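Protein chains in written order, with this note's numbering: chain A, 13 to 212; chain B, 2 to 427.
Note that CB positions come from ideal geometry on N, CA and C, so glycine has one too.
Note that the structure is predicted; figures quoted are calculated from it, not measured.
Notes for the one structure printed next.
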């Protein structure tokens, strides 16, 4: 994947599509298939379905969806970003030494296998938003940019939903207090949606 | 079933709201097997959400004799909302929400977007976004979700759009209204032929409402189970009466005019209508005291098949001029049939009621009745005059008591990628 990926004007397309429909969560953001180079085809082969973000008032939260690779070559996501958070990490959930499931950065990024898909979901791989720049309220749109190995990128927009799960433990590397993502976005969140503290 | 085959279990050839053969969910086309190439992906557009769930491992192979019909799909998207002209499903729940204080126009918009997307997925037999019990969505069972707007919601979005009739009905002398069954800002009418499907849809929609609204009331109703009798059979209420005989048939011009407007009756918005929901308590204990002749006289119809007392078949036209040997009208002047029948042909409504049977209060054995649901283009012109006549005199009033009442404006449907109510934000 050392070939340079040409990034087609996907974000513009996605934005135009949103403006036209004016509304409902874009459940899929298929990439245009017009690009001429092989790397562009690889980037264009990426699609997302069911994208959503857990609504949160502050701190951290998670982004989810299904990434689909329609090409014959693996695609690797090496990073992600959004205006909604200072940083986004690619996380997996794995068992720690004590047997508890914990979130941790995914070494080597997310690989979406050729003709396959990668599910980002609570309790498993996900996009970890850290340092929210503003409350992510239910119904809001959050646009992500995925950086692909080789230099291309892929944008998609996810809708924020109230969600009581996705409370996996996350231990910050500096040894600070453990946190889980998804502070309740409002008083409207159901009882039980409060993040579980995991500093033990 | 292959991993790519996303057809809901037991899919059947039901028709959608327009009577056209329904389409299968599009996800199968998009993500199904080798045939779905990039071209199909690009062409199929933006709406692609729902289940990543494979056919549940515990789904038994259908016995041909089982006649499984849980896969029936009613199209969510369309010019008009489903769940009105749609043949009434076996189960219905009516949920009224109150907007949280301070909910803004943009908040209402976000709420309606979220709920429309949930409804579209669930009605197609796909799990909603962030659906934690997505397996339950696999049996749509003709699920419909119909949204209605109360005065508070319209006021929060654009007060100038509120139709004149969007307010509580006039007070009627028979009313004993209770706040826990009355009014509300947003109505969710959720109907399906499977109660588990209804419950899951209700849960999903309410989870996505929490930040914006609180539950004001919930009324759960039922009819005969799907398949118990021929579809299209007029329902019976818990008095045993055939209830709804004079409804204009959904494919008729009458129905079109009554529900969607026509002639000099205009709907509040094209492809919109209104709904009146009244909870009518039926006193079964007092009804028990009435013999069969008295029961039929109070209604003006036969219990056996709903025929008017002057006819033999259900849909025979009643003849109010026929008198008995003693000179009394065969159909009493104070029967429900006679009192409800308008002289003015514009005073017609389309009923889509459900029975309810709640837990009895202390010392009682039943708390039963009817969730009266009627659609009409103009509440003031069509519904209220009928209710005034029934309020003045109707033998059935001896055994029935309205305990809840609500009026909602029904907005048009939406297209894929849109949301119900979007026209109010234009």
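C-beta neighbour in chain B for residue i, strict 8 Å
| i | result |
| --- | --- |
| residue 156 of chain A | no |
| residue 175 of chain A | yes |
| residue 152 of chain A | yes |
| residue 119 of chain A | no |
| residue 73 of chain A | no |
| residue 148 of chain A | no |
| residue 171 of chain A | yes |
| residue 116 of chain A | no |
Chain A within 8 Å of residue i, Cβ atoms only
| i | result |
| --- | --- |
| residue 372 of chain B | no |
| residue 353 of chain B | no |
| residue 349 of chain B | no |
| residue 80 of chain B | no |
| residue 212 of chain B | yes |
| residue 209 of chain B | yes |
| residue 414 of chain B | no |
| residue 130 of chain B | yes |
| residue 115 of chain B | yes |
| residue 133 of chain B | yes |
| residue 112 of chain B | yes |
| residue 237 of chain B | no |
| residue 53 of chain B | Confidence is the limiting factor: at residue 53 of chain B the pLDDT is only 37, short of 50, which leaves the residue's position unreliable, though a coordinate-based value still follows. Yes, its Cβ sits closer than 8 Å to a Cβ of chain A. |
Pick from the options that is closest to residue i, judged by C-alpha positions
| i | options | result |
| --- | --- | --- |
| residue 370 of chain B | B:337, B:231, B:356 and B:327 | B:356 |
| residue 391 of chain B | B:364, B:300, B:318 and B:322 | B:300 |
| residue 146 of chain B | B:161, B:158 and B:121 | B:121 |
| residue 88 of chain A | A:145, A:162 and A:167 | A:162 |
| residue 112 of chain B | A:127, A:150, A:131 and A:58 | A:150 |
| residue 104 of chain A | A:95, A:64, A:69 and A:120 | A:120 |
| residue 143 of chain B | B:193, B:133 and B:108 | B:193 |
| residue 245 of chain B | B:343, B:354, B:276 and B:219 | B:354 |
| residue 60 of chain A | A:158, A:115 and A:85 | A:158 |
| residue 1 of chain B | B:219, B:343, B:330 and B:274 | Residue 1 of chain B cannot be examined here, being either before or after the span of chain B that is shown, 2 to 427. |
Extent of the continuous alpha helix (DSSP H) to which residue i belongs
| i | result |
| --- | --- |
| residue 108 of chain B | 106-124 |
| residue 199 of chain B | 196-208 |
| residue 288 of chain B | 285-288 |
| residue 137 of chain B | No alpha helix (DSSP H) contains residue 137 of chain B, which DSSP labels as neither H nor E. |
| residue 385 of chain B | 385-393 |
| residue 236 of chain B | Where residue 236 of chain B is concerned, there is no enclosing alpha helix (DSSP H), given that its DSSP letter is neither H nor E. |
| residue 298 of chain B | 293-300 |
| residue 341 of chain B | 337-341 |
Close beta carbons around residue i, own chain, < 7 Å, minus the five adjacent residues each side
| i | result |
| --- | --- |
| residue 203 of chain B | 94, 96 and 191 |
| residue 216 of chain B | 96, 98 and 207 |
| residue 262 of chain B | 268 and 378 |
| residue 99 of chain A | 142 and 143 |
| residue 107 of chain A | 113 |
| residue 148 of chain A | 65, 67, 68, 73, 96, 154, 172 and 197 |
| residue 205 of chain B | 119, 123, 129 and 132 |
Enclosing beta strand (DSSP E) for residue i [first to last residue]
| i | result |
| --- | --- |
| residue 256 of chain B | No beta strand (DSSP E) contains residue 256 of chain B, which is instead part of the alpha helix (DSSP H) from 254-261. |
| residue 266 of chain B | Where residue 266 of chain B is concerned, there is no enclosing beta strand (DSSP E), given that its DSSP letter is neither H nor E. |
| residue 404 of chain B | 401-411 |
| residue 217 of chain B | 214-223 |
| residue 92 of chain B | 92-100 |
| residue 158 of chain B | Per DSSP, residue 158 of chain B belongs to no beta strand (DSSP E); it is in the alpha helix (DSSP H), 152-158. |
| residue 138 of chain A | 138-144 |
| residue 113 of chain A | 113-117 |
| residue 187 of chain B | 187-193 |
Residue-level contact to chain E via CB, residue i, 8 Å cutoff
| i | result |
| --- | --- |
| residue 98 of chain B | Judged by its chain identifiers, the structure shown contains no chain E, and its protein chains are A and B. |
Cβ neighbours of residue i in the same chain (closer than 8 Å, five flanking residues each side left out)
| i | result |
| --- | --- |
| residue 68 of chain B | 228 |
| residue 62 of chain A | 39, 76, 77 and 78 |
| residue 297 of chain B | 303, 304 and 310 |
Contacts around residue i, its chain only, beta-carbon distance under 6 Å, and the 5 residues preceding and following it disregarded
| i | result |
| --- | --- |
| residue 335 of chain B | 394 and 396 |
| residue 399 of chain B | none |
| residue 122 of chain A | 89, 102 and 130 |
For this session: Would you check if the region 139-154 of chain B and the region 122-130 of chain B touch, i.e. whether three or more CB-CB distances between them fall below 8 Å?
Result: yes
Exercise. Does the region 67-77 of chain B come close enough to the region 179-191 of chain B to have 3 or more Cβ pairs within less than 8 Å?
Worked result: no
Exercise. Using 8 Å as the threshold, is the region 217-228 of chain B in touch with the region 167-174 of chain B, meaning 3 or more CB pairs across them?
Worked result: No, because fewer than three Cβ pairs between the region 217-228 of chain B and the region 167-174 of chain B fall closer than 8 Å, the two stretches do not touch.
Problem set entry | Meets three-Cβ-pair contact criterion under 8 Å: the region 193-209 of chain B and the region 135-144 of chain A | no
For this session: Check whether the region 386-400 of chain B touches the region 77-86 of chain B, taking contact to mean three or more Cβ pairs, one atom from each stretch, closer than 8 Å.
Result: no
Problem set entry | Three CB pairs or more closer than 8 Å across the region 234-248 of chain B and the region 282-291 of chain B | yes
Exercise. With a cut-off of 8 Å, do at least 3 Cβ pairs link the region 356-367 of chain B to the region 322-331 of chain B?
Worked result: no
Problem set entry | Contact between the region 307-324 of chain B and the region 409-421 of chain B (3+ Cβ pairs under 8 Å) | The answer is no - the region 409-421 of chain B does not touch the region 307-324 of chain B, with fewer than three Cβ pairs under 8 Å.
Problem set entry | Segment contact flag, the region 176-183 of chain B with the region 146-158 of chain B, C-beta cutoff 8 Å, min 3 pairs | no
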